Each structure stands twice: as C-alpha cells, then as structure tokens.
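Below: one structure, written as structure tokens.
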Amino acid sequence: MLPNDLLTIGEVARQTGRSASAIRYYEQIGLLPEPERLGGQRRYETGTVRRLAMIDTAQRAGLALDEIKDLFDAAPGDDATAIAALRELARRKLPELAA
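Oh and the sequence shown: position 13 is 70 in this note's numbering, straight run, nothing missing.
Here it is, written out as structure tokens:
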C-alpha cells in the first residue's frame, strides 16, 4: 500500500467520530491491528474505518468490547473451538437483544 493510501489517526478519527485515544485503546486491546508507522506517526489502511464502523454497530447492539474482539478473532474457516465460542456468545446475547 502506498503511503498516500494510508490515513493518519486524525483522519480516521474525523471519518469515524471516534477520538484518537479510543482508536489507540482499540489497538492496545487488539480490536484494531497495530498500524504502520511513517516518520513515527501511525498510518492506517482504509479498512480501519470499516472495522471501526463494525465496532460501533456491535456496541449499539449491546456487545461489550471483549465480545466484539471474540467475534473478530473467530474468522471464517476457524476451528471448531472458535465456532463453539461464537455460538455461546450468540446464545447469551440473543435474549438481551430480544428484550
């Protein structure tokens, strides 16, 4: 990816409505991958904006950050353990969402 295709943390914050500190926190807890650095500054791929939108949607649906991380960690094609963890999360959350 060319440097011009990468976004600064300020650009990501403006596009998503998240604060720079929230973005750094999401990196720290593993919700966002660690970004490239150019001249010491974080530079994010454009997909980061989409991932932050997914986090926002999941939070509005009532999921906690650790639950969202579990969802991201269980990628398609993952092993049976990951699939079982997703099913358990869905089983726990569906009654809350229905209420």
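Using N, Cα and C, we set each Cβ at its ideal position, and we do this for glycine too. Quick caveat: nothing in here was measured; it's all calculated off a predicted structure.
field: The beta strand (DSSP E) enclosing Thr100, as first and last residue numbers
entry: Position 43 of the sequence shown holds residue 100. The question names Thr, yet the displayed sequence has Arg at residue 100. Taken as a continuous stretch (DSSP letters only), the beta strand (DSSP E) holding Arg100 covers Gln98 to Tyr101.
task: Drop a sphere of 10 angstroms on the beta-carbon of Thr103, count the other beta-carbons inside from all chains shown, and report buried for 16 or more, exposed for fewer.
output: Along the sequence shown, read from residue 1 onward, the residue named residue 103 stands at position 46. Only exposed fits Thr103, as fewer than 16 other CB atoms lie within 10 angstroms of its CB.
- prompt: What span of residues does the beta strand (DSSP E) with Glu93 cover, start to end?
  reply: Numbered from 1 along the sequence shown, position 36 holds the residue referred to as residue 93. Under the DSSP assignment, Glu93 falls in the beta strand (DSSP E) whose first and last residues are Glu93 to Leu95.
message: Taking 8 Å as the limit between beta carbons, can you name the residues of its chain near Asp62, skipping five residues before and five after?
response: Within the sequence shown, numbered from 1, the residue matching residue 62 stands at position 5. So the list reads Glu102 and Thr103, once near-sequence residues are dropped.
Length of the line joining the Cα atoms of Pro152 and Ala121: Within the sequence shown, numbered from 1, the residue matching residue 152 stands at position 95. Within the sequence shown, numbered from 1, the residue matching residue 121 stands at position 64. Rounded to whole angstroms, the gap between the alpha carbons of Pro152 and Ala121 is 15 Å.
field: Alpha-carbon spacing of Gln98 relative to Arg144, whole angstroms
entry: If you number the sequence shown from 1, residue 98 lands on position 41. If you number the sequence shown from 1, residue 144 lands on position 87. So the two alpha carbons sit approximately 39 Å from each other.
field: Per DSSP, the bridge partner or partners of Leu88
entry: Counted from its first residue, the sequence shown places residue 88 at position 31. Its beta-bridge partners do not exist; DSSP assigns none.
message: Looking at the secondary structure, which residues open and close the alpha helix (DSSP H) in which Leu63 lies?
response: Your numbering for residue 63 matches position 6 in the sequence shown. Looking at the DSSP string, Leu63 is not in any alpha helix (DSSP H), and its letter there is neither H nor E.
Coil, strand or helix - Lys150 by DSSP: Residue mapping note: residue 150 aligns to position 93 of the sequence shown, counting from 1. Helix, per DSSP.
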